[in-house]
Amino acid sequence: MEKTSAYASAFTMNSSEKQETVCIFGTGDFGRSLALKMLQCGYSIVFGSRNPQKSSLLPNGAEVLSYSEAARKSDIIIIAVHREHYGFLTELTEVLKGKILIDISNNLKINQYPESNAEYLAQLVPSAHVVKAFNTISAWALQSGTLDANRQVFICGNDSKAKQRVMDIVRTLGLTPLDKGSLMAANEIENYPLQLFPMWKLPFYLSAFLCVFFFFYCVIRDIIYPYVNGRKDSTFRLAISIPNRIFPIAALTLLALVYLPGVIAAILQLYRGTKYRRFPDWLDHWMLCRKQLGLAALGFASLHVLYTLVIPIRYYVRWTMKNRTITQATAKREDPFSTSTAWLNDSYIALGILGFFLFVLLGITSLPSVSNMVNWREFRFVQSKLGYLTLILCTAHTMVYGGRRFLSPSSLIWYLPSAYIIALIIPCIVLVIKFILILPCIDNTLTRIRQGWERNAKPTLNGERYLKQSSVHMDSEL
Amino acid sequence: MEKTSAYASAFTMNSSEKQETVCIFGTGDFGRSLALKMLQCGYSIVFGSRNPQKSSLLPNGAEVLSYSEAARKSDIIIIAVHREHYGFLTELTEVLKGKILIDISNNLKINQYPESNAEYLAQLVPSAHVVKAFNTISAWALQSGTLDANRQVFICGNDSKAKQRVMDIVRTLGLTPLDKGSLMAANEIENYPLQLFPMWKLPFYLSAFLCVFFFFYCVIRDIIYPYVNGRKDSTFRLAISIPNRIFPIAALTLLALVYLPGVIAAILQLYRGTKYRRFPDWLDHWMLCRKQLGLAALGFASLHVLYTLVIPIRYYVRWTMKNRTITQATAKREDPFSTSTAWLNDSYIALGILGFFLFVLLGITSLPSVSNMVNWREFRFVQSKLGYLTLILCTAHTMVYGGRRFLSPSSLIWYLPSAYIIALIIPCIVLVIKFILILPCIDNTLTRIRQGWERNAKPTLNGERYLKQSSVHMDSEL
Amino acid sequence: MEKTSAYASAFTMNSSEKQETVCIFGTGDFGRSLALKMLQCGYSIVFGSRNPQKSSLLPNGAEVLSYSEAARKSDIIIIAVHREHYGFLTELTEVLKGKILIDISNNLKINQYPESNAEYLAQLVPSAHVVKAFNTISAWALQSGTLDANRQVFICGNDSKAKQRVMDIVRTLGLTPLDKGSLMAANEIENYPLQLFPMWKLPFYLSAFLCVFFFFYCVIRDIIYPYVNGRKDSTFRLAISIPNRIFPIAALTLLALVYLPGVIAAILQLYRGTKYRRFPDWLDHWMLCRKQLGLAALGFASLHVLYTLVIPIRYYVRWTMKNRTITQATAKREDPFSTSTAWLNDSYIALGILGFFLFVLLGITSLPSVSNMVNWREFRFVQSKLGYLTLILCTAHTMVYGGRRFLSPSSLIWYLPSAYIIALIIPCIVLVIKFILILPCIDNTLTRIRQGWERNAKPTLNGERYLKQSSVHMDSEL
Ligand SMILES: Cc1cc2nc3c(=O)[nH]c(=O)nc-3n(C[C@H](O)[C@H](O)[C@H](O)COP(=O)(O)OP(=O)(O)OC[C@H]3O[C@@H](n4cnc5c(N)ncnc54)[C@H](O)[C@@H]3O)c2cc1C
Ligand SMILES: Cc1cc2nc3c(=O)[nH]c(=O)nc-3n(C[C@H](O)[C@H](O)[C@H](O)COP(=O)(O)OP(=O)(O)OC[C@H]3O[C@@H](n4cnc5c(N)ncnc54)[C@H](O)[C@@H]3O)c2cc1C
Ligand SMILES: Cc1cc2nc3c(=O)[nH]c(=O)nc-3n(C[C@H](O)[C@H](O)[C@H](O)COP(=O)(O)OP(=O)(O)OC[C@H]3O[C@@H](n4cnc5c(N)ncnc54)[C@H](O)[C@@H]3O)c2cc1C
Ligand SMILES: NC(=O)c1ccc[n+]([C@@H]2O[C@H](COP(=O)([O-])OP(=O)(O)OC[C@H]3O[C@@H](n4cnc5c(N)ncnc54)[C@H](OP(=O)(O)O)[C@@H]3O)[C@@H](O)[C@H]2O)c1
Ligand SMILES: NC(=O)c1ccc[n+]([C@@H]2O[C@H](COP(=O)([O-])OP(=O)(O)OC[C@H]3O[C@@H](n4cnc5c(N)ncnc54)[C@H](OP(=O)(O)O)[C@@H]3O)[C@@H](O)[C@H]2O)c1
Ligand SMILES: NC(=O)c1ccc[n+]([C@@H]2O[C@H](COP(=O)([O-])OP(=O)(O)OC[C@H]3O[C@@H](n4cnc5c(N)ncnc54)[C@H](OP(=O)(O)O)[C@@H]3O)[C@@H](O)[C@H]2O)c1
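Residue numbers (the UniProt record's numbering), protein chains in the order written: chain A, 1 to 478; chain B, 1 to 478; chain C, 1 to 478.
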């Protein structure tokens, strides 16, 4: 390695005198995009193609050769070809010996083939070092500058030196490599871009269940009952009135379900007297999808707000009000003004607005780019403290909404209470337990437990301690 | 390079025993900010200044010398001086020989000078290696920690070793370098920070056109016609009623224009029987600004929502309702309740709310930090599937809004149909074609084409294949 | 360092043949999370623990030894133990000699101990090189992939080689190191994660002051006065009517306070005739929290919008309108329609909507991930140009709201003008001064000053020039 005087500083060690050459098999969309990006980041690129002469419109500066010629030019070969066409590689086994093959392929369906594409490649060319990488990056993202796209590149492979080489490339491209272990992880990595919002499954089914349940509940109370009782056709309520009963209930229930697992966890820790035992799986999973639960709740709350704000422009409402006025005018009768009704009504609305405002604030703070800017204490302040405040406001909103009718037996229809009464059950439970948990005596014990103190700590070695995968974060910071 | 035993691991190769020294000419805002950042990232900094003694308040740890003395200390020199003052560099040609000069300058106007600043610098000091970099980073962003700012640093230059050195520096500062090729690209790089929302041009002009066109259309129908016909002064409608006709129309039309190019592209691909031919430029450009079109549509939709929600607090509306009530009360006449009107009215409102809700969801998903978190399939699910659902809901909202009057000749005024009828044309066309395109027989062909199959594929070599710059992304993932 | 032929390229220099081993003391939450991440990024990990046999559920591939054995395996040791338990390290002084100790600890309170944890560690083990790092990264963020978390790692230490090593590790983990200087900075770094929205302090107190002041102001005018004058109980106004007076005032005042410092700065620069003098501290601080002031203003504006939109569903409003209608119907009297009232009312509403729309746009642009995507000119266009437009619209909204009553003496109550009149003072001042400042003659001088021109520039060396810490950004770009 000769050094010109102008370049002679210790720092030059990690810049390269000679550009590294990387070979890409396949001149399709992904091959070309990756090549462009790598050229921009200082690599030399040589393509391997079935028809080197045909591929005329490739990124400037890239060479195109036949597969075997191209392979000879570099010890790193990116296979930008669909798995279905890997066949030709078997003929190149000789040239590919000892080389690093990067498998970047994706499938169309989850677990489409018995073995992962990368493992299949490793079987085809056993003499090479296969590394899985880049499959989660889209050609589009690469071309448009990766700013707008996920920067994380999952990597796996059996040869750690080969993985290091690939990780260096990933870093040079401005992406973040993440080693997932041996080639056995390839299956998981290949399934990753085929997933459809896995964390949203529980919130989705829960929301669907809540909606369906309360839909039938409200249909019985608001449509079937009036029909049975008075032959009144209230089906038009299906469009707005009933959704506007379901949405706030779903919102409040989901919001309470966001804070319920925290409370359960605390009880569990108090009961066990240690934080060093894993939570049951269901609790763990529940805790992990609290963000999604919260956002689903926010969605319902927003719908509730919109449905409420359109009330005065509804034909039904206008008609009712007009007729009531006309009746009274005809009867020359004026209602007296009731200050207490005004109070109840105004405070129920005000509570709702403030609750919704905080709700949106929680939502904004959970935007990745915002939560990146705040430190842990600030995030917890918003999500935990303001979150509970939101829950309190929304619960109070619902209670005051009930107003004088709240818990009054006259509102029972076929022994069914108003739907909003049911919606209050979980939030109230959560708030009561939380209130008990923050009593100083209990809170102190809990804090000590979370700082590592164990009630039954024995100096023996047989105490099992489990690795808590998911819920590590609040212990030391609290 | 001597190694102390404590540092002797292979990894240390890319850490430096000796800090690299970088020289910065100019102690202005940018020079100082860059120096501070580089010091924080482990570089030694020496400033070159006209008056080394005068510059007293520089970042801690930086040395200030005269230009020539400073230049001698390092082989990388950052020229943090405005182009207008580059003159003094000609006197330093001897010292600058073989050094790397980094040009970071910006201009005040696009194409202010015949040649780019970097090329001008290269002419002034031909014996040095000029590299363009850093001009898109603001002094402010550097100081406040680059968190809140664009991390991408465009680089160009004729000497690839020099570029590699600069790219290493960029990476060390935690930024992402992007090689744009030879110094000829400097012009483009210098123009970049002077651009004003280039992708928004088409959506902006389109929106402006739609607004102006429908403004006059509505003025004719709603203000001139009543005046001509009944001398009625309805000019006050200009403030709310007419905007609230224009905005939903603009929103719906723009939303349809977001999905129209996709449909045209599909037809084109079916017609050509291959994906390996470039789309016409206008289609390409259109596809690239769909995001902006969609966001503009969302903007109009939001305005429509706000304008609609204030309806009941408008004086005009209150007055009308009050008077209608009084008239009826005086006449002792009550309107009968019409369930079908209630149904129409409620479902039109409900459709609007749901459409708007999904609309906002699309908008949230297009926030860079959110789209970074989802994989390609999820992004497509939201943007394409939910996007079409939004279009369907919004179109239905508009149709039901028409209600019984829809397509009735009685609503013609001077042969002009209601504006909302015109707004329905493009959305309906898009939806009908899309519906045809997803019929299994057609869909299958399309999918095969997008996976690379060509209807007229000949094994000869004269088939031209074009590099599709912009629309690479959906082929393999579909 | 032997090289196999397949790996022999210049680029390999910065990839490692042998994985670097890092030692972690403490098998708690943070130690385990960091180990997992480092393993994924290609490091070998050896844990030091009090009970090596007990710690069974650690990340795959990590070794667990006693403290002294583990320390011997690596020259970098991460101390993942709470400060309270650092005691045991004194016994290891011999083994730790010359090693790099990374202190990652946090405290529970700001300035909990007289000296920072890192300095305390350095006193305990004086023979080692202590580097502070990683304390702002949470175990949770490390595990869940750092995507959703702050990537910035503050580093400080007295040995620059040691710092370089740590910075290399940080970069390898995909995080961004930021050197804060010597170990004396450790205190600041340790306090950082304990801060609670420091930039929000001024906006918060200001908002609180505005709210409280205008609360009492409105209570006097709207509740006490009617009570004293007519024994009318209007306390129910506390829930909605009065907040809906306070919020728009707070919003408008805060918005004006966002643009006031810019105007003051311009006057100061004009007066001084140079930009090379530091602004007074209060102005600097004010400028730095304009974003937070603006967001607080947006918060109040949103609340105002919600409070306004619910007006028609309030009991009080419905009751008032109904009764007024009944009275008129009984009296068989119809109000004539006033076009000018319709104009005033509609334009006041329309101005409010448009102002709010731009307000929200400003808010969206200030989301970190959005402001990252725009260049400096675009950001300034939105924040400065559209920002002033917002201020103009909101001010006009407030003025037209006053309508015919505006500045009429009849609206004085106990000599107190309506609250909204007071709210107009600061905005009008800002707008008037800004209007004067953009007169060409003044604007030209200002622009020249901001490009470095000095009115009293003397070629002598005694002119002091100050380093403007905070407000560097607009000079050259303007
Ligand atoms: C609109 C909206 C958006 C949201 N966005 C987010 C988001 O972006 N990210 C997010 O995480 N949440 C989000 N949430 C959910 C929720 O706000 C947070 O999870 C919040 O931190 C929960 O507060 P908490 O006090 O119940 O839980 P925590 O403060 O997390 O405490 C939970 C309880 O569980 C126990 N516990 C938890 N983990 C451990 C552990 N490792 N060891 C021992 N004990 C443990 C403790 O007893 C603790 O009290 C969102 C919610 C809403 C409504
Ligand atoms: C509020 C809002 C926000 C939006 N934000 C975004 C955003 O952030 N990012 C964004 O990209 N869009 C955004 N959009 C626009 C729009 O939702 C998406 O572009 C969406 O993917 C279009 O769906 P589609 O099914 O029409 O197009 P696609 O699913 O992209 O398909 C387009 C059609 O074009 C053809 N085609 C396209 N490219 C190719 C190619 N390379 N080769 C061959 N054929 C091709 C195919 O026939 C395909 O059916 C937004 C829209 C709205 C309303
Ligand atoms: C909803 C909302 C969100 C906002 N979000 C943000 C945000 O994300 N980020 C943000 O920064 N602001 C934000 N703001 C605040 C505000 O919009 C911006 O700060 C805006 O740039 C101020 O415009 P201006 O023209 O007054 O100031 P500028 O254009 O910054 O100019 C300020 C004036 O001060 C002087 N000056 C300032 N700095 C210097 C200097 N270094 N040297 C010499 N003179 C100087 C000049 O005279 C100049 O006219 C937000 C505001 C709102 C309402
Ligand atoms: N597009 C993306 O966004 C993306 C993202 C992640 C991963 N991937 C993966 O990248 C791989 C390539 O995807 P792509 O989008 O680039 O696909 P493509 O556009 O269809 O290109 C595939 C290329 O493979 C080559 N090839 C070799 N043998 C072939 C054969 N028998 N038939 C057809 N082509 C053959 C062809 O190049 P020659 O004509 O030069 O031989 C062809 O251009 C796939 O495994 C895909 O899963 C793609
Ligand atoms: N500010 C930014 O955010 C930013 C962003 C990207 C690019 N840039 C570019 O960086 C360069 C410097 O910008 P800046 O904001 O730092 O400008 P600045 O504050 O005005 O500083 C310019 C410096 O140039 C030096 N200089 C040399 N000869 C000069 C002369 N004849 N007259 C005046 N100054 C002379 C001066 O330093 P001495 O007194 O020490 O000689 C002066 O401090 C410009 O090209 C600009 O386009 C700036
Ligand atoms: N958790 C986070 O998110 C986070 C973030 C930044 C910084 N930190 C800092 O990292 C350090 C460790 O935090 P952590 O959350 O990992 O705490 P932790 O879970 O309580 O673990 C502390 C570990 O220290 C070891 N230790 C050594 N001597 C000890 C003693 N006398 N008593 C108790 N433990 C002893 C134990 O490991 P052995 O049993 O193996 O000896 C124990 O597992 C703290 O300084 C904390 O401030 C944590």
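Here a beta-carbon is modelled for each residue, glycine too, at the ideal position from N, C-alpha and C.
Contiguous alpha helix (DSSP H) assignments of at least 4 residues, all confined to the region 100-163 of chain A: Taking only runs of at least 4 residues, the alpha helix (DSSP H) segments lying wholly in the region 100-163 of chain A are 117-124, 139-143.
CB contact check: A:L147 to chain C, cutoff 8 Å: In the first sequence, counting from the first residue as 1, residue 147 of chain A sits at position 147. Unreliable placement is indicated for A:L147, whose pLDDT of 46 sits below 50; no coordinate value is reported for it.
Straight-line gap, C:Y113 to A:L288 (C-alpha atoms, nearest Å): As a working note, residue 113 of chain C is residue 113 in the third sequence. As a working note, residue 288 of chain A is residue 288 in the first sequence. Their Cα atoms are separated by approximately 35 Å.
Under 7 Å from the C-beta of A:M167: neighbouring residues of chain C: One-based indexing of the first sequence puts residue 167 of chain A at position 167. For A:M167, the chain C residues whose Cβ falls inside 7 Å of its Cβ are G42, in order along the chain.
Backbone secondary structure at C:L412 - three-state DSSP: Reading the third sequence from its first residue, position 412 is the one you call residue 412 of chain C. Here C:L412 sits in coil by DSSP.
Contacting positions in the region 203-218 of chain C - beta carbon closer than 9 Å to chain A: With the criterion set as a beta carbon lying under 9 Å from some beta carbon of chain A, the region 203-218 of chain C has no members that meet it.
C:E20 at chain A interface by Cβ criterion, 8 Å: As a position in the third sequence, residue 20 of chain C is number 20, starting the count at 1. For C:E20, the answer is no, since every Cβ of chain A falls outside 8 Å of its Cβ.
Cβ-heavy atom distance, C:S366 to ligand 4, below 7 Å: As a working mapping, residue 366 of chain C is identified with position 366 in the third sequence. False, no ligand heavy atom lies under 7 Å from that Cβ.
Below-8 Å beta-carbon distance, A:Q164 vs any chain C residue: Taking the first sequence and counting its residues from 1, one reaches residue 164 of chain A at position 164. Judged by the 8 Å Cβ criterion, A:Q164 is in contact with chain C.
Chain A residues whose Cβ lies nearer than 8 Å to that of B:S160: For this step, residue 160 of chain B is matched to residue 160 along the second sequence. What B:S160 touches in chain A: Q19, G42.
Where the beta strand (DSSP E) through B:G48 begins and ends: For this step, residue 48 of chain B is matched to residue 48 along the second sequence. Note, B:G48: beta strand (DSSP E), 44-49.
Rounded C-alpha distance that separates B:L295 from B:F356: As a position in the second sequence, residue 295 of chain B is number 295, starting the count at 1. As a position in the second sequence, residue 356 of chain B is number 356, starting the count at 1. Between B:L295 and B:F356, the C-alpha separation is close to 12 Å.
DSSP three-state assignment for A:T27, whether helix, strand or coil: On the first sequence, residue 27 of chain A is found 27 positions in, with the first residue counted as 1. In this structure, A:T27 counts as coil in the three-state DSSP scheme.
Within chain B, partners of C:L92 - CB distance below 8 Å: Counting from one through the third sequence, the residue named residue 92 of chain C turns up at place 92. Those within 8 Å of C:L92 in chain B number zero; the least Cβ separation is about 15 Å.
Simplified DSSP state of A:P243, which is helix, strand or coil: On the first sequence, position 243 is the one that residue 243 of chain A refers to. Judged by DSSP in its simplified three-state form, A:P243 adopts helix.
Status (buried if at least 16 other CB within 10 Å, exposed otherwise) for A:W343: Counting from one through the first sequence, the residue named residue 343 of chain A turns up at place 343. It counts as buried.
Cβ-based neighbour list, A:A251, same chain, cut-off 7 Å, excluding 5 preceding and 5 following: Translated into positions along the first sequence, residue 251 of chain A becomes position 251. Here the set comprises A297, F300, A301, H304.
Selection from C:Q40, C:E334, C:R324, C:D335 that minimises the alpha carbon distance to A:P177: Position 177 of the first sequence, counted from the first residue, corresponds to residue 177 of chain A. Nearest neighbour of A:P177 by Cα position, chosen from C:Q40, C:E334, C:R324, C:D335, turns out to be C:Q40.
Minimum Cβ-Cβ distance from B:S302 to chain C less than 8 Å: Here residue 302 of chain B refers to the residue found at position 302 of the second sequence. Yes - at least one Cβ of chain C is within 8 Å of the one on B:S302.
The alpha helix (DSSP H) enclosing B:D346, as first and last residue numbers: Translated into positions along the second sequence, residue 346 of chain B becomes position 346. For B:D346, the enclosing alpha helix (DSSP H) stretches over residues 339-365.
Proximity test, Cβ basis, 8 Å: A:Q195 and chain B: As a first step, residue 195 of chain A must be located in the first sequence, where it is residue number 195. Interface residue, yes.
Beta-carbon gap between C:I173 and C:A118 smaller than 8 Å: Looking up residue 173 of chain C in the third sequence gives position 173. Looking up residue 118 of chain C in the third sequence gives position 118. The residue asked about is misnamed: residue 173 of chain C is Leu in this sequence, not Ile. The answer is no: Cβ separation not under 8 Å.
Backbone CA spacing between A:H82 and A:D284 [nearest angstrom]: As a working note, residue 82 of chain A is residue 82 in the first sequence. As a working note, residue 284 of chain A is residue 284 in the first sequence. Distance between the alpha carbons of A:H82 and A:D284 is about 38 Å.
Euclidean distance between Cα positions of A:V22 and A:G42: Taking the first residue of the first sequence as 1, we reach residue 22 of chain A at position 22. Taking the first residue of the first sequence as 1, we reach residue 42 of chain A at position 42. Going by the C-alpha atoms only, they are around 11 Å apart.
Assigned exposure category for B:K161 - 16 Cβ within 10 Å defines buried: Position 161 of the second sequence, counted from the start, is the residue given in the question as residue 161 of chain B. When all chains shown are included, B:K161 counts as buried.
Under the three-state DSSP convention, the category A:T308 falls into: As a first step, residue 308 of chain A is located in the first sequence; it is residue number 308 there, counting from the start. Three-state DSSP puts A:T308 in a helix.
Touch test, the region 326-333 of chain B against the region 316-326 of chain A, Cβ-Cβ under 8 Å, three pairs minimum: These segments touch.
Proximity winner among C:C394, C:I392, C:A396, C:S366, relative to C:V382 (alpha-carbon distances): One-based indexing of the third sequence puts residue 382 of chain C at position 382. The shortest CA-to-CA distance from C:V382 to any of C:C394, C:I392, C:A396, C:S366 is the one to C:S366.
In DSSP terms, what A:T21 is bridged to: Locating residue 21 of chain A in the first sequence gives position 21, counting from the first residue. Partner(s): A:S44.
Closer than 7 Å: C:R404 CB and nearest ligand 5 heavy atom: Taking the first residue of the third sequence as position 1, residue 404 of chain C is located at position 404. In this structure, the C-beta of C:R404 stays at least 7 Å away from each heavy atom of ligand 5.
Cα-Cα separation, A:V170 to C:N244: Position 170 of the first sequence, counting from 1, holds the residue named residue 170 of chain A. Position 244 of the third sequence, counting from 1, holds the residue named residue 244 of chain C. Those two C-alpha atoms are separated by around 54 Å.
Beta bridge counterpart(s) of B:L89 as assigned by DSSP: The residue labelled residue 89 of chain B in the question sits at position 89 within the second sequence. Residue pairing by DSSP leaves B:L89 without any beta bridge partner.
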